[in-house]
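Peer 1: In the working numbering, the protein residues as written are 1060 to 1396.
Ideal placement from N, C-alpha and C gives every residue a C-beta, glycine not left out.
Note that the structure is a prediction, hence the values are computed from the model and not measured.
Handing you a structure now.
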């Protein structure tokens, strides 16, 4: 079979790759499409993946083989969406609400990855992270299951709800999903992005956006009676943006780091955190509970994704897809075989 293979030093090429074989309780999928995630781009850009590797985890595919051993009623020909990580549910981290810190969470993965023509779904993923698509749900919409789940986990960890104000910084596809997640929780959501087209896109999903920083600052001051927002969520900007977010939140407020951004120190003095009682949080991934919730939101239409996918490219052009997103010329790229 063919796969888009990461070869190190930022290189991606279409290569032959051994076709996986399924074991007890597993599924074999033929790829229909896979979303390109910011974490995939970071692995390529910063050479953090060990080559040769096949990345990709926002996978929609057709079931072509069902191994015996309890594959939860799936059949050949089923159209499914799958996610890549599943926790053990029983360790110290899982019992305390931190499933993405589970030691088994990152060890369990799709084989080889979503940017391949054929892939194997391990039995735990079949049980806890695979969802059959009905005729009313498109492949592209379903591919947002895993990223939306990550956003829902961030919303939950922030504890934002009715009457709260939230600022989402960075209005790419993740920012637009976060806007909808916080609105579902009852919060009033403001958005900030340097690119006008992204601000306009986020406005279609319910974010309150403004053409310049001064107008945004004035609107936030009015909405919060000068306190600052309850939660500021960073999807972009790296460590340097943490200081900007801290200045935007109220005393006792929260800065939530949805994405990483290098190894530099956080530019918020400890005295500021201490005297203002600020909370800095992060979410790395999602649990099976959020995956199920995200799939239900997409299936019902409570969360919309129209307009988020701006480019559709085949596996052979994955390197071009990465470049488009790194240059911010694409909001989201959907990769097909």
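CB-CB under 7 angstroms to residue 1066, same chain, minus the five flanking residues each way: which ones, in chain order?
Peer 2: Taken in chain order, the residues that qualify are 1072, 1110 and 1111.
Peer 1: Run the CB neighbour count on residue 1014, radius 10 Å, all protein chains shown included, and call it buried at 16 or more, exposed below.
Peer 2: Nothing in the structure corresponds to residue 1014, since the chain is present only between 1060 and 1396.
Peer 1: Give me, in chain order, the residues of the same chain whose beta-carbon lies closer than 8 angstroms to that of residue 1340; leave out the 5 immediate sequence neighbours on both sides.
Peer 2: 1216, 1217, 1313, 1314, 1315 and 1316
Peer 1: Output the boundary residues of the alpha helix (DSSP H) element that contains residue 1121.
Peer 2: No alpha helix (DSSP H) holds residue 1121; the beta strand (DSSP E) holding it covers 1117-1125.
Peer 1: Would you identify the three-state DSSP class for residue 1343, choosing helix, strand or coil?
Peer 2: coil
Peer 1: According to DSSP, is residue 1266 helix, strand or coil?
Peer 2: coil
Peer 1: Would a C-beta distance cut-off of 8 angstroms place residue 1381 and residue 1232 closer than the cut-off?
Peer 2: no
Peer 1: Return the CA-CA distance between residue 1248 and residue 1158, expressed in angstroms with no decimal places.
Peer 2: Looking at the two C-alpha atoms, the distance is approximately 28 angstroms.
Peer 1: Excluding sequence positions up to five away, which residues of its chain have a Cβ less than 8 angstroms from the Cβ of residue 1307?
Peer 2: Excluding five sequence positions before and after residue 1307, the CB atoms of its chain that fall closer than 8 angstroms to its own CB belong to 1226, 1279, 1287, 1288 and 1291, given in chain order.
Peer 1: Measure the C-alpha to C-alpha separation of residue 1398 and residue 1153 and round it to an integer number of angstroms.
Peer 2: Any answer about residue 1398 is impossible in this case: the structure gives the chain only from 1060 up to 1396.
Peer 1: Look at the alpha carbon of residue 1181 and the alpha carbon of residue 1266, and state the distance between them as a whole number of angstroms.
Peer 2: Rounded to whole angstroms, residue 1181 to residue 1266 spans 38 angstroms at the Cα level.
Peer 1: Roughly how many whole angstroms lie between the Cα atoms of residue 1241 and residue 1099?
Peer 2: 25 angstroms
Peer 1: Which residues share a DSSP beta bridge with residue 1372?
Peer 2: 1394
Peer 1: With 16 other CB atoms within 10 Å as the buried threshold, where does residue 1393 fall?
Peer 2: buried
Peer 1: Return yes when at least one heavy atom of the ligand COA lies under 7 angstroms from the C-beta of residue 1381, else no.
Peer 2: No copy of the ligand COA occurs in the structure displayed, which carries no ligand at all.
Peer 1: Extract the residue ranges of the alpha helix (DSSP H) inside the region 1210-1244, only unbroken runs of 4 or more that lie entirely within it.
Peer 2: 1232-1243
Peer 1: Count the C-beta pairs between the region 1161-1178 and the region 1084-1104 that are closer than 8 angstroms, then say yes if the count reaches three, no if not.
Peer 2: yes
Peer 1: Tell me the start and end of each unbroken alpha helix (DSSP H) in the region 1265-1312 that is at least 4 residues and wholly inside, in chain order.
Peer 2: Complete alpha helix (DSSP H) runs here, min 4: 1272-1282 and 1299-1307.
Peer 1: For residue 1327, which residues in the same chain have their Cβ closer than 7 angstroms to its Cβ, ignoring the five residues on either side in sequence?
Peer 2: 1301, 1302 and 1305
Peer 1: Measuring alpha carbon to alpha carbon, tell me which residue in 1221, 1375, 1234 and 1190 is nearest residue 1113.
Peer 2: 1375
Peer 1: From what residue to what residue does the beta strand (DSSP E) around residue 1074 run?
Peer 2: It spans 1070-1075 - the beta strand (DSSP E) in which residue 1074 sits, taken as one unbroken run.
Peer 1: Exposed or buried, residue 1083, counting other C-beta atoms within 10 Å across all chains shown (16 or more means buried)?
Peer 2: With a 10 Å radius around the Cβ and a threshold of 16 neighbouring Cβ atoms, residue 1083 comes out exposed.
Peer 1: Taking residue 1214 and residue 1251 to be in contact with their CB atoms under 8 angstroms, please state how far apart those CB atoms are, rounded to whole angstroms.
Peer 2: Residue 1214 to residue 1251, Cβ: 18 angstroms. No contact.
Peer 1: Measuring only the C-alpha atoms, how far is residue 1263 from residue 1353?
Peer 2: 20 angstroms
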